[in-house]
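Single-structure report; data block below.
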Amino acid sequence: MALLEAQHINMFFGGLKALNDVSLQAEEGKISALIGPNGAGKTTLFNVMTGFLVPTAGKVLFRGEEVQGLPAYKYVEKGLSRTFQNIRLLQEMTVLENVQLGCHHNMKQNLFDELFISPRCRREENESRESSMEALEFVGLGDLAGEKAKNLPYGHQRKLEIARTLATGAEMLLFDEPCAGMNTAEKAQLSELILDINKKLKKTVMLIEHDMRFVMKLSDTITVLAQGEWLAAGSPEEIQANPKVIEAYLGTKRKAVGYHVGD
Amino acid sequence: MKKVYGLLKRHSIIVIAVLGILAPLVIRNTYHVHIILMCMMFGILASSLNIAVGMTGLSNLAHATFFGIGAYAAAILNTRYGLPFYLTFFAGGLVAMVFGFILGAPTLRLKGVFLALVTTGFGQVVRIIELNWVSLTNGPMGISGIDAAEIGSYSFSTVSYIYYGLALLILCMYMSKRLMGTRVGRALFAIKYDETVARSLGVNITFYKVGAYVLSACMAGMAGTIFAHYVSFISPDTFTVADSTTVLCMVILGGAGSLLGPVIGAFILTIAPEIFRFAQTYRMIFIGAVMVIGVIANERGWVPMLTSKIRGLFHRKQTSEEGGKA
Amino acid sequence: MIAQQLINGLTLGVLYALLALGYTLIFGTLSFINFAHGEVSLLGAYLAWFAIARMGFAVIPACIFGIIITSVVGVIIERVGYKPIRTAPKLAMITVSVGFSYIVQTAIQLIFGTQPHEFKVISVASWNFAGITINSIHILVLIVSIILMVSLQLFIHYTKSGRSIRAISMDQDTAGLMGINVNATISLTFAIGSALGAVSSILMGMYYAQVYPMMGTSIGNKAFAAAVLGGSGSIPGAMLGGIMMGLIESIAGTVLNTQVREGVAFVVMILILIFKPSGILGKEVVKD
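Residue numbers (the numbering used here), protein chains in the order written: chain P, -16 to 246; chain H, 859 to 1184; chain F, 125 to 412.
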């Protein structure tokens, strides 16, 4: 059964059609990928599916329940958590605090609990610290919990963002270009991590990525967008063999660079 | 030395409390007692404004207005309906909360300069209402004859107002301290640093932003009631726009988002003009100069440099200062 | 009656517009509201008054003296106060500008006294048409203001410096990379803004026939409200906003008392910021 489903999404900004009748499904327990040339509308679709944009038309279903139009902060409660294309950490806060913020929606304590240090407050703070440390250790940042986020190297910052989504306890995680700007070794490490998240933690994962080798290796299914339209969907093998996809990629590359690029 | 510094910093609330309790026992001069009380009032204002400005990243140039609203609520309820202090205290806080909501709710979308402008306008409009709604506020003449605070049959001496202010100041600081490092405070800081991230992690930013305004307004309003009963006469000139900006200056210079900083800023900016015995005109030049020089120095990193030098004197050897609390 | 209010409102309005131009020019380049602008502008009127009453200058040289000194003060404040913290959070800049407003206002009180001074520098002739009084100051204000606004538009659109100002208001970093001298251009903005403000305050002094220390704050408040109404950062917006504010105020004045009238500008500004923060002619994006 599809855990997350987008049905006939249209997203217009004024006269600009960013998404035109796009549909996709993410199967529970699988890793699915969203690919496409620059400007295909991948991040826009992510924003629609996580509540940052309200689609002009179409439905977003999570566990069969319509969620489009809900305020963005409710999506985490439903079980959807995301990262951002440009790393967005709370730079001045510690690594642990960044992750603990992920537990926010699971906690019930209010200002008065905090003032009177109620048992609920103590219990929840301890639990959030423990689960945050677990998430940090899972991504391999357990030793750096007390550092300020801004002091982490680039690769660690990406991992921290992933740890934060883990701490939310969401069943479905959406990663927007998780390995952008990484070198080959870091990418290999990251793909291991994402596989672990999928296999060991049983999370459903959807990712946007430009590195084809990375995508083909990880994903169970792939959806291709081009210029705001749905182009194809299927297994990595099917996508690699799909002439429309090849054309979309090579076509734009020719246009952009002016000559044929191998690889 | 290092230990002493660490202890002082960790238990800054207790230090302030002890100093506050001892000060009136040593100092008897009425004028000095008045200054200490003003320190408490501005300390509360700075500490509560810090919740909105320092922790949540909202700009507010009308904090003294909430103080004034609390004072007016107390004055009106006391002189018209004879409500005693312990009731006007909470009523003043409540009325200020309502106004905090009125200011906070419609301005959620606004940030930075635009929010500063709206709050300035709000302060001016409230002042004009205070001046012109004569049947309620007695206009420019103000309200006089506010009863001295009493609880039961025990009536307050001037010194007791200090203890009352101190209690509220300690409450403000304790609240700030609890907020730093727990769920609600993390949500506030997250809003300050990145609203998008806060939303993506399930923080209802509408609720917390309005909440921060309402909470800080409530504290300021309660302080206003203490002040009204203490001076027994208030008028629209008691709380000016200049006071609001002075409080903001205290927070920024003391360190927006820190626990002790805004309170220290408030103490210094309250006491300094008194030490130098500035007349009212010179006082404004002094405050203006502190704003200009202080903020520039702060932003260019001279103040952090200075404090780290001072800290260095205490530490002698290199230490790993615990992060996150500063 | 209404026609008379419109004439008065229009006259006030163009004066607010001149002052609002200073706010909007500075907002365009540095993205913050310079709270000291009203007080700095008032210096112009005080200096002109001082040159005439104490130094025996003729009217026009006195005004030029006032305008030039004000312009220099504006630039000095920018260099000393805002340049070192250009990249800091905007709240810091706002605080510094409020600090300068206190300093300038107090300095005016200390140097020129706290009492209002009479500012009758030109002989006023007035004409009556069917119950509407128009005097020579109305005409002077309208002519001078319109000439200045048109020249500013020409300057901004058709000169190299004007293009630099527009480039910086779009993207400071890129403008810098393109070889525009960012520091000089920002200083130029302050010089022009303060000079326009000085003209406005001198004319305002003539209009009310007096200058007093709180005048800068009072008209400055209305002018920044006007700048917000027209659209922060938009030059035509500031002109439109100023004129609208003048008209709104003088029409409101027929039903409200003077003090309540002071509040109308703020109410208009708050409503605009809540419902359309970009103002009437401003860009849609709300910068922070």
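Ideal Cβ positions, reconstructed from N, Cα and C, are used throughout, including at glycine.
Keep in mind it's a predicted model, so treat the numbers as computed, not measured.
Nearest neighbour of H:G1113 by Cα position, chosen from H:I1129, H:L866, H:G864 and H:S905, turns out to be H:S905.
If you draw a straight line from the Cα of H:G1119 to the Cα of H:C897, it is about 14 Å long. Closer than 8 Å to the CB of F:G387 there is at least one CB belonging to chain H.
Secondary structure note for F:Q296: its alpha helix (DSSP H) is the uninterrupted segment Q296 to L301. Among the residues facing chain H, P:V43 is not included, as its CB has no counterpart in that chain under 8 Å away.
Counting only residues of its own chain and dropping the five nearest sequence neighbours on each side, F:A169 has a CB closer than 6 Å to the CB of S325, I326, G329 and V335. Contact annotation, F:S288 with F:N132: C-beta distance approximately 38 Å; criterion of less than 8 Å not satisfied.
The Cβ of F:K346 sits no closer than 8 Å to any Cβ of chain H. Within the model, the alpha-carbon separation for F:G355 versus F:I396 is close to 9 Å.
Contacts with chain H at 8 Å (Cβ-Cβ) include P:C104. A Cβ-Cβ contact shorter than 8 Å links F:A349 with F:M369. The continuous alpha helix (DSSP H) containing H:T1016 extends over residues T1016 to L1037. Excluding residues up to 5 positions away in sequence, Q8 and L44 lie with their Cβ nearer than 7 Å to the Cβ of P:E(-12) in the same chain. For H:H1087, the closest alpha carbon among the candidates H:I1151, H:Y944 and H:A1070 is that of H:Y944. Between F:F224 and F:G205, the C-beta gap is smaller than 8 Å, which places the two residues in contact. In the DSSP assignment, P:Q223 falls within the alpha helix (DSSP H) that extends over P219 to A224. F:L167 carries a helical assignment under DSSP once its states are collapsed to helix, strand and coil.
In the structure shown, the three-state DSSP call for H:D1095 is helix. Taking 8 Å as the cut-off, the Cβ atoms of F:G366 and F:A141 count as close.
Neighbourhood of H:N908 in chain F, by CB distance below 9 Å: empty, with the nearest CB roughly 13 Å away.
One Cα belongs to H:T1139, the other to F:T219, and the distance between them is close to 19 Å. The CB of H:A1114 never comes closer than 8 Å to any CB in chain P; the least such distance is about 11 Å.
The closest CA to that of P:A231, considering only P:E110, P:L214 and P:C86, is found on P:L214.
The beta carbon of H:T1103 falls within 8 Å of a beta carbon belonging to chain F, placing the residue at that interface. In terms of Cβ geometry, H:N1062 and F:Q383 do not form a close pair [threshold 8 Å].
Cβ contact annotation for P:A55 (same chain, cutoff 7 Å, sequence separation greater than five): T33, G34 and F35, in chain order. Of all residues in the segment 141 to 161 of chain P, only R147 and T151 come within less than 8 Å of chain H when Cβ atoms are compared, listed by chain position. Against chain H, the beta carbon of P:T33 has neighbours under 9 Å at S1058, listed in chain order. Taking a C-beta distance under 8 Å as the contact criterion, F:K400 and H:V971 do not qualify as a contact pair. Annotated as distal: P:D194 and P:Q68, with beta-carbon spacing of 8 Å or more. Just so you know, the alpha carbons of H:V1042 and H:F1134 end up roughly 41 Å apart. Against chain H, the CB of P:Y137 has no partner CB under 8 Å away; the residue lies outside that interface.
Put simply, the CB of F:P240 is far from chain H, with every gap to its CB atoms at 8 Å or more. Per DSSP, the beta bridge partners of P:Q(-10) are P:K42. Annotation: the segment 1046 to 1124 of chain H contains the following complete segments of the alpha helix (DSSP H) (minimum length 4 residues), in chain order: 1053 to 1058, 1063 to 1089 and 1099 to 1112. Contact residues of the segment 346 to 374 of chain F toward chain H are F348, A349, V352 and S356 (C-beta to C-beta distance below 9 Å).
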